[in-house]
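A quick write-up on the structure given underneath.
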Amino acid sequence: MNRNAPYAPSFHLSLLFASILLLLTFAAPLAVSALSLTESVKTALDKTAAEADTATRGKLQTGWNELVSLERQQEQQDERIDALHYRNTDALAAVRKSIREIGQSRIAKLEQETAAKKKQYEPLFASYSAVGQQLALARQLGSKTASSLLKAQQDAMKPAVQLARLDIKAKQEALTAAKAQASKQMKQAREVLEEIDPLNTRIQAYKSAMRTPKKHLSTAWSNFSAAARKKNAAGTLAGLTATLQLSRQILEQKAQVAACEERIYAVILRTKAQIPAA
1 MNRNAPYAPS FHLSLLFASI LLLLTFAAPL AVSALSLTES VKTALDKTAA
51 EADTATRGKL QTGWNELVSL ERQQEQQDER IDALHYRNTD ALAAVRKSIR
101 EIGQSRIAKL EQETAAKKKQ YEPLFASYSA VGQQLALARQ LGSKTASSLL
151 KAQQDAMKPA VQLARLDIKA KQEALTAAKA QASKQMKQAR EVLEEIDPLN
201 TRIQAYKSAM RTPKKHLSTA WSNFSAAARK KNAAGTLAGL TATLQLSRQI
251 LEQKAQVAAC EERIYAVILR TKAQIPAA
């Protein structure tokens with residue numbers, strides 16, 4: 001009987017939930033246009049413009065052309081923002097990995113060398129310790145001859161033992177210094193990377209600022225479309241003017257988001273430049 005079977009559905013549900021969260025976090029589009037610039041809407045506008053006075057007709061035609069341009073720019077800006085965001089996400093993950101790896105190859109090498117030195121000198125230290133214990137026992141027993149011989153043996157070994165200890169100490173100090181240097185370099189790199197935080201805050205602020213014009217855009221567009229179908233030139237122009245104003249505001253906020261994404265990448269590149277080669 002598979003003891004793990006009862007827990008399998010729970011595991012898959014957790015994995016599915018985590019995947020959905022990732023999609024919501026990273027894959028959600030910045031905005032979906034509330035406008036539908038269809039041929040039927042354009043036809044209604046043209047009929048309304050044809051029956052309007054010259055000044056109004058010109059404003060309607062110019063306004064429509066600008067609206068088409070704004071919609072195209074918004075689509076391009078959305079694509080740009082998505083591309084910049086995913087580039088930054090990948091670059092940020094890579095640079096954070098590089099930060100964690102700062103000095104690690106050297107540290108690992110020094111750890112191996114330190115361990116090897118300790119192992120290399122184990123027989124010497126064991127022999128020196130054994131001679132010391134024998135000398136203590138000989139003195140306890142009052143054997144001057146044995147004590148003299150053992151003391152001479154201990155003295156003869158002492159320089160080698162001292163050199164061995166210095167050798168190990170040098171390796172340990174090099175290891176400690178490498179760890180301290182790596183820690184310092186990691187801290188410096190992460191401090192530069194922290195400049196991303198206020199930029200992310202600005203991005204959220206710009207996205208929040210889009211909510212109000214987005215909220216009113218649908219109403220303005222509906223008013224414009226309804227007035228155009230009724231050949232109400234004044235109402236059509238008012239609805240188009242409001243739609244243009246709101247679309248400009250949204251486009252400006254998107255441009256600010258894109259600019260922040262570019263600045264985030266610049267921070268990532270500066271951080272990367274600070275990371276020493278492995």
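Residue numbers for the sequence shown follow UniProt numbering, beginning at 1 and rising by one.
Beta carbons are placed, not taken as given, at the ideal position from N, Cα and C, and that holds for glycine.
How many angstroms separate the CA atom of residue i from the CA atom of residue j?
{"i": "ASP82", "j": "GLU261", "result": "10 Å"}
{"i": "VAL192", "j": "GLN249", "result": "32 Å"}
{"i": "MET186", "j": "ASP90", "result": "19 Å"}
{"i": "LEU217", "j": "TYR265", "result": "32 Å"}
{"i": "LYS42", "j": "GLU51", "result": "14 Å"}
{"i": "LYS171", "j": "MET157", "result": "22 Å"}
{"i": "ALA115", "j": "ALA160", "result": "19 Å"}
{"i": "GLU252", "j": "GLU71", "result": "12 Å"}
{"i": "ALA108", "j": "ALA182", "result": "12 Å"}
{"i": "LEU149", "j": "GLY142", "result": "13 Å"}
{"i": "GLU75", "j": "SER105", "result": "46 Å"}
{"i": "SER36", "j": "THR219", "result": "13 Å"}
In chain order, what residues of the same chain lie with their CB nearer than 6 Å to the CB of residue i, ignoring the 5 residues before and after it?
{"i": "THR48", "result": "ALA228, LYS231, ALA233 and THR236"}
{"i": "ALA146", "result": "ALA138"}
{"i": "GLU39", "result": "none"}
{"i": "VAL95", "result": "ILE268, THR271 and LYS272"}
{"i": "PHE26", "result": "Note that PHE26 scores 34 on pLDDT, short of 50, meaning its location in the model is unreliable and no value can be drawn from it."}
Comparing C-alpha positions only, which one of the options sits nearest to residue i?
{"i": "SER247", "options": "VAL95, ILE268 and ALA209", "result": "ALA209"}
{"i": "ILE268", "options": "ILE107, GLN76, LEU84 and GLN140", "result": "LEU84"}
{"i": "GLY58", "options": "LEU45, LEU70 and GLN274", "result": "LEU45"}
{"i": "GLU79", "options": "ALA220, ARG263, ALA255 and ILE99", "result": "ALA255"}
{"i": "LEU244", "options": "THR62, LEU92, ALA177 and THR56", "result": "THR62"}
Which residues in the same chain have their Cβ closer than 7 Å to the Cβ of residue i, if we skip the five residues on either side of it in sequence?
{"i": "ILE203", "result": "VAL257 and CYS260"}
{"i": "GLN134", "result": "LEU150"}
Apart from the five residues just before and just after residue i, which ones in its own chain have a Cβ nearer than 8 Å to its Cβ?
{"i": "GLN274", "result": "GLN185, GLN188, ALA189 and VAL192"}
{"i": "THR201", "result": "none"}
Checklist line | Meets three-Cβ-pair contact criterion under 8 Å: the region 189-204 and the region 115-125 | finding: Contact fails between the region 189-204 and the region 115-125, because fewer than three Cβ pairs, one in each stretch, are under 8 Å apart.
Item checked: Cβ contact check for the region 164-184 and the region 105-124: 3 or more pairs under 8 Å -> Contact between the region 164-184 and the region 105-124 is present, because at least three Cβ pairs lie under 8 Å.
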